[in-house]
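Numbering (our numbering), first residue to last: 868 to 1065.
This is the structure we're talking about:
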């Protein structure tokens, strides 16, 4: 029904504004542990992640950046900073000047956090919509395997209608028309990553 993206979020007081994909991998693999290695101050990176690899953001982050949905993050071994939900993760980043986490851009924009550029590309609506920001992902409506009926059908129809898509856009999320360039890019990326496309 729309397009979202995964973003790296940090505390508003953090001086770092960009991270490369390679350095982001090294953070999660425990190879980069201090903000000074990213051009920030001399302090440990307090990495925060979801408890489950199967969460939407957790799963897609592993697939898109590591090309492996089962990759383990050594940087989190033995640390208590694994949280159940997005809201808790965002709250911890808001409170901790040394925190770093990955979040969905639509949720992150509603919080008092700083969104880092990735490989020099800001996670702006325009950059997500045209595919320049690399960690984009589709947002789905999931219904019964049979054709939805009743209220479910009306909701799906509304979400896909001109009015529904306008609401999605006004909320800051890339709607289907704004992300039309992503259809082909996602098909190619899905094939490369072995993601099943419906």
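Positions of the beta carbon are idealized from the N, C-alpha and C atoms, including for glycine.
A residue is called buried when at least 16 other Cβ atoms come within 10 angstroms of its Cβ; residue 1058 does not meet this threshold and is exposed. For residue 976, the three-state secondary structure derived from DSSP is coil.
Taking 8 Å as the cut-off, the beta carbon of residue 975 is found no closer than this to the beta carbon of residue 913. Partner residues in the beta bridge of residue 871, as assigned by DSSP, are 1004.
Counting of Cβ neighbours within 10 angstroms places residue 977 among the exposed residues, the total staying below 16. Here DSSP, grouped into helix, strand and coil, assigns residue 981 to strand. In the three-state reduction of the DSSP assignment, residue 941 falls in the helix class. For residue 969, there is no enclosing alpha helix (DSSP H); the enclosing beta strand (DSSP E) covers residues 966-971.
Inclusion of residue 981 and residue 876 in the CB contact set at 8 Å is warranted, their separation being smaller than that value.
Short of 6 Å from the beta carbon of residue 938, and not among the five residues preceding or following it, lie these beta carbons of its own chain, in chain order: 929. Shown here for residue 906: same chain residues with a beta carbon closer than 7 Å to its own, the five before and five after excluded, namely 883 in chain order. Nearest C-alpha to residue 954 among 1045, 909, 924 and 1054: 924.
In the structure shown, residue 1043 adopts coil according to DSSP, grouped into three states. Collapsing the DSSP output to three states places residue 876 in a strand. As far as DSSP is concerned, residue 883 takes part in no beta bridge.
Residues 986 of the same chain have their beta carbon placed closer than 7 Å to that of residue 887, with the five preceding and five following residues left out of the count. In the three-state reduction of the DSSP assignment, residue 1009 falls in the coil class.
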